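Those sequence lines, one after another, are chains V and C. Mapped onto this note's numbering, the consecutive letters of the first sequence carry residue numbers 6 to 166. Mapped onto this note's numbering, the consecutive letters of the second sequence carry residue numbers 6 to 166. Glycine is no exception: its CB is placed at the ideal position from the N, C-alpha and C atoms. Since the structure is predicted, the reported quantities are computational estimates derived from the model, not experimental observations.
Protein chains: 2
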Amino acid sequence: MRTGKGVEWAVHTLLNLAWLGDGEPVPTARLAAVHDLSASYLNKQLQQLVKAGLLESVPGARGGFRLARPLEAVSMLDVVLAVEGDDPLFRCAEIRRCGTIGERVPAGGFSRPCAVNTAMGRAELAWRKALAAQSLADVRAEAEAHAPAVGSYVRGGFGRD
Amino acid sequence: MRTGKGVEWAVHTLLNLAWLGDGEPVPTARLAAVHDLSASYLNKQLQQLVKAGLLESVPGARGGFRLARPLEAVSMLDVVLAVEGDDPLFRCAEIRRCGTIGERVPAGGFSRPCAVNTAMGRAELAWRKALAAQSLADVRAEAEAHAPAVGSYVRGGFGRD
DNA sequence: GCATATCTGGATAGTAAACATCCGGATATG
DNA sequence: CATATCCGGATGTTTACTATCCAGATATGC
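Structure below.
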């Protein structure tokens, strides 16, 4: 059980766009080149970010993607939900009611909640809260704190992270 | 991204064994029958629980599985780690250093930590703490709180949940 | 208007992981 | 010895993830 690469791709790409600074749209091909990613596939992830309102896309020549909001206004949870969807980490299959012996609940349902599902849900809520508490600006700040040599960022050629 | 069914199977099976009460080992076939699960596959999950020290197995005729410790001493995290392994939810592919443009780190590595990985790791820690804070006894209590009719539990034929 | 560059979305294919079954070997019961 | 069961490896099935490709729409610049 683990998150897909899309999350990593998306966060780094959003940070790259912020580093670039100007509001000029950047095409997928250049964003992909920064980290040697598949342009076609990265594009699919970016489309998800557009749908979620984190990016704006500009079609046509000289088009591309640009941030829809500042990094301060984007949480890690926003990115994860945009890329992975908002399905729960734990999907309760309700096996408790499928038994040949245990409780029989009419197909309609209307039973009390499954305690296992509730417990897993509490943990997922903690995960989401922790993700929501961290903005991309925080992540950028942390990355920079480890890299005091700000001058080493390659502007125009893209920095790293 | 989601947890496998093994977690749900394992938790319900552990609760079933606790409801049974006596220390007699219960064979996989009966445990599987309670929830209409595949006996062969459930057995694989139970083997993981044995390795993790949550269950004891008894080979031979009249053999089966029994709890290795009381529910109070087993956390939801114990079960999740036993079944799913302790790989991180987010696996950092270190794409930040793979770029043709960005930072070049000698293959040896020795760079500062990836801030994206750190942020995701914090969220996972919150998830694990929330799981560790809930014991199977808590889950059982919550299930029973919703089902005041204790007498409805089918002893000998297994209750539900 | 036209050639070019780019996003959009669907179709498709490849790969990895999860899910599930089967079987031979070991162990214990009676 | 016949039976019941756990154990672990081999194998097959299904699902999700990863990745590619192409036709269509849109915008730029000449």
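Output the distance between the C-alpha atoms of residue i and residue j, rounded to the nearest integer angstrom.
i	j	result
Trp132 of chain C	Ala128 of chain V	5 Å
Pro118 of chain C	Gly11 of chain C	33 Å
Leu42 of chain C	Gly69 of chain V	50 Å
Gly28 of chain V	Ala57 of chain V	19 Å
Glu13 of chain V	Ala23 of chain C	42 Å
Val79 of chain V	Thr123 of chain C	17 Å
His40 of chain V	Ala87 of chain C	35 Å
Glu99 of chain C	Gln53 of chain V	22 Å
Arg71 of chain C	Ala38 of chain C	16 Å
Gly65 of chain V	Leu51 of chain V	16 Å
Thr33 of chain V	Ala34 of chain C	54 Å
Leu130 of chain C	Arg67 of chain C	41 Å
Spatial neighbours of residue i within its chain, please: C-beta separation below 6 Å, excluding the five flanking residues on both sides.
i	result
Val170 of chain V	Summary: the structure shown does not reach residue 170 of chain V, with chain V confined to residues 6 through 166, and so no result is reported for it.
Met125 of chain C	Phe95
Leu36 of chain C	Thr18
Ala150 of chain C	none
Could you pull out every residue in the same chain whose Cβ sits closer than 7 Å to the Cβ of residue i, ignoring the five residues on either side in sequence?
i	result
Glu77 of chain C	Ser140, Ala142
Arg145 of chain C	Leu20, Ala23, Leu76
Ala73 of chain V	Gly58, Leu59, Leu60, Glu61
Our contact map puts residue i next to residue j with C-beta atoms below 8 Å; I'd like the distance itself, whole angstroms only.
i	j	result
Thr18 of chain V	Glu89 of chain V	15 Å between Cβ atoms; not a contact.
Leu59 of chain C	Asp83 of chain C	6 Å
Val31 of chain V	Leu25 of chain V	6 Å
Who are the Cβ neighbours of residue i in its own chain at under 8 Å, not counting the five residues just before and after it?
i	result
Met6 of chain C	Leu94
Cys103 of chain C	Low local confidence applies: a pLDDT of 49 at Cys103 of chain C is under 50, so the model's placement there is unreliable, and no value is given.
Cys97 of chain V	Cys119, Val121, Asn122, Met125
Val85 of chain V	Thr8, Val12, Leu136
Met81 of chain C	Val16, Leu136, Ala137, Gln139, Ser140, Leu141, Val144
Give a yes or no on contact between the region 136-143 of chain V and the region 47-64 of chain C, applying the rule of three or more CB pairs nearer than 8 Å. no
Go through the region 51-130 of chain C residue by residue and report every complete run of the beta strand (DSSP E) that reaches 3 residues or more, in order. 60-63, 69-72
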